[in-house]
Amino acid sequence: MKYLKTPYLKFSTLLVICSGHSLLWAADTAQQSEDEWKFTLKNAYINRDFDNDALKDTGSWSQAASLFYKSKMHDTPLVIADKPITIGADASVQYAVRLSSDKHVADTVLPFNKETQSQVSDFLKYGATLKLGYDKTLLSVGELWLDLPVTAVDASRQLLASYWGTNLKSQLSDQLYAEIGRVEKVSPRNEEDFKKFSFTANGMTKESDGLNYIDLRYQFTPSLKGEYYFGNLEDLYNKHYVGLEHNWKQPNFALTSKFKYFNAKDDGNTFDIDAQNIGVLETLKVKNHTFGLGYQQIIGESAYPLPDGFLPETYFINWNATGFFKE
7 MKYLKTPYLK FSTLLVICSG HSLLWAADTA QQSEDEWKFT LKNAYINRDF
57 DNDALKDTGS WSQAASLFYK SKMHDTPLVI ADKPITIGAD ASVQYAVRLS
107 SDKHVADTVL PFNKETQSQV SDFLKYGATL KLGYDKTLLS VGELWLDLPV
157 TAVDASRQLL ASYWGTNLKS QLSDQLYAEI GRVEKVSPRN EEDFKKFSFT
207 ANGMTKESDG LNYIDLRYQF TPSLKGEYYF GNLEDLYNKH YVGLEHNWKQ
257 PNFALTSKFK YFNAKDDGNT FDIDAQNIGV LETLKVKNHT FGLGYQQIIG
307 ESAYPLPDGF LPETYFINWN ATGFFKE
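Positions in the sequence shown are counted from 1; adding 6 to them yields our numbering.
This is the structure:
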């Protein structure tokens, strides 16, 4: 899909009730000393009512129970420069059951069988990760939870999307953090299994063997940090991202300034992609009140590309406003 645009949308309701701890762990390279278990219950009611009578209303009501496990890192007999190589494992199980009747239309929340034109009554997602650590470096193989351009984790529906591949992240210095990886498959939020990345435009769909990426973050000063990301979705397109964030804290208020620039370009094989996103955001926090003012614009010769599977670009200054609106 190129971008999300819903014409003739009359009414859209999204009600999500979630009980438990936060769904994901922040990305870091610290050696974990204790096991972590996180259990969540999530009740989601989604309803979309269209003006156009030719379009069926979509949505569902579902209940989910999910369990996330993150193991502590255990020392191995292997030692380099008096520091041990450590090992650990993570795992996840997500299950959801449909409570509403079958509307016989895809709602992007539950899996949909195109042959029988029916929503599944329940679905299950699971995965596991092997971790190897050394000092401030961590290698992960298996299921990955990535909060990056192209590979965000979207919690706005029922079950979470996850990715399958390998990544290596390291705190190279007090200022510099680096992460490289190869993501071979994705399990979208409304599907059970992992599958190859794909992209659809003008009625044509093409798969990719994987996403290769590098992410660099640098703390220039205590108040200023920057980030550069490059991702190559093989046989489809390349994506660059540059971001800056400045924090100015005073006794009575705090001002945060963000600048974000994205550049997506095809690799010359199949699609014509040339799109940029520019965004700035100023956020003022005074005691318990926060005020924000931002600007975002997509420019270029094509629409901004998103992989199939309803994978949002939550790195944008504002993603939600680009997703659902009425003409």
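Using N, Cα and C, we set each Cβ at its ideal position, and we do this for glycine too.
Owing to the predicted nature of the structure, the values given are computational and were not obtained by experimental measurement.
Does the region 265-283 come close enough to the region 195-203 to have 3 or more Cβ pairs within less than 8 Å? no
Touching by the beta-carbon criterion (3+ pairs, under 8 Å), the region 128-135 and the region 94-110: Enough Cβ pairs lie closer than 8 Å, so yes.
T276 - DSSP class collapsed to helix/strand/coil: Counting from one through the sequence shown, the residue named residue 276 turns up at place 270. T276 falls in the coil class under three-state DSSP.
Endpoints, beta strand (DSSP E) assigned at D55: Along the sequence shown, one-based indexing puts residue 55 at 49. That run of the beta strand (DSSP E) goes 42-56.
Using C-beta distances below 8 Å, list every residue in its chain close to T211, excluding the 5 sequence neighbours before and after it, in chain order. What you label residue 211 is simply residue 205 of the sequence shown in a count that begins at 1. The answer, listed in chain order, is S204, F205, D314.
Among N294, G306, S308, L290, whose alpha-carbon lies nearest the alpha-carbon of G300? Mapped onto the sequence shown, residue 300 falls at position 294. With distances taken between Cα atoms, G300 lies closest to L290.
So what's Q123 in DSSP terms, helix, strand or just coil? One-based indexing of the sequence shown puts residue 123 at position 117. Three-state result, Q123: coil.
In terms of residues, what are the limits of the beta strand (DSSP E) holding K142? Position 136 of the sequence shown holds residue 142. K142 -> no beta strand (DSSP E), and no H or E assigned at all.
Determine the closest residue to D180 out of R188, D272, Y224, with distance taken between C-alpha atoms. Against the sequence shown, residue 180 aligns to sequence position 174. For the residues R188, D272, Y224, the minimum Cα distance to D180 belongs to Y224.
If I'm right that K264 touches V292 with Cβ under 8 Å, what's the distance once you round it to whole angstroms? Translated into the one-based positions of the sequence shown, residue 264 becomes position 258. Translated into the one-based positions of the sequence shown, residue 292 becomes position 286. Incorrect: roughly 18 Å between the Cβ atoms, too far for contact.
Do D241 and T296 have their C-beta atoms closer together than 9 Å? Looking up residue 241 in the sequence shown gives position 235. Looking up residue 296 in the sequence shown gives position 290. No, Cβ-Cβ distance for D241 and T296 is not below 9 Å.
Could you pull the start and end residues of the beta strand (DSSP E) that D4 belongs to? Given a span of 7 to 333 for the chain in the structure shown, any question on residue 4 remains unanswerable.
Could you compute how far the alpha carbon of D108 sits from the alpha carbon of E319? Residue 108 sits at position 102 when you count from the first residue of the sequence shown. Residue 319 sits at position 313 when you count from the first residue of the sequence shown. C-alpha separation (whole angstroms): 30 Å.
Excluding five sequence neighbours on each side, which residues of the same chain lie with their C-beta closer than 8 Å to the C-beta of V115? For this step, residue 115 is matched to residue 109 along the sequence shown. Within the same chain, V115 has close Cβ partners A50, I52, G65, S66, S68, R163, Q164, R195, N196.
Can you name the start and end residues of the beta strand (DSSP E) that S204 belongs to? The sequence position of residue 204 within the sequence shown is 198, counting from 1. Where S204 is concerned, the enclosing beta strand (DSSP E) stretches over 201-207.
My output table needs one value for W254: the three-state DSSP class, helix, strand or coil. Mapped onto the sequence shown, residue 254 falls at position 248. The three-state reading of DSSP puts W254 in strand, counting E and B together.
Drop a sphere of 10 angstroms on the beta-carbon of I279, count the other beta-carbons inside from all chains shown, and report buried for 16 or more, exposed for fewer. Looking up residue 279 in the sequence shown gives position 273. With 16 or more Cβ atoms within 10 Å of its Cβ, I279 is classed as buried.
Going by C-alpha distance, which of G94, V85, I86 is nearest S77? Working through the sequence shown from its first residue, we reach residue 77 at position 71. Residue G94 is the option with its Cα nearest to S77.
So what does DSSP say about R163, is it helix, strand or coil? Reading the sequence shown from its first residue, position 157 is the one you call residue 163. Three-state result, R163: coil.
For E198, the three-state DSSP class (helix, strand or coil): Along the sequence shown, one-based indexing puts residue 198 at 192. It is coil, neither helix nor strand.
Could you tell me which residues DSSP puts in a beta bridge with H295? Here residue 295 refers to the residue found at position 289 of the sequence shown. Partner(s): V292.
Quick one: what does DSSP say Y321 is sitting in, helix, strand or coil? The residue labelled residue 321 in the question sits at position 315 within the sequence shown. Residue state, collapsed to three classes: coil.
Candidates L144, A70, M79, of which the one nearest D41 by Cα: Here the question's residue 41 lines up with position 35 in the sequence shown. For D41, the nearest C-alpha among the options comes from M79.
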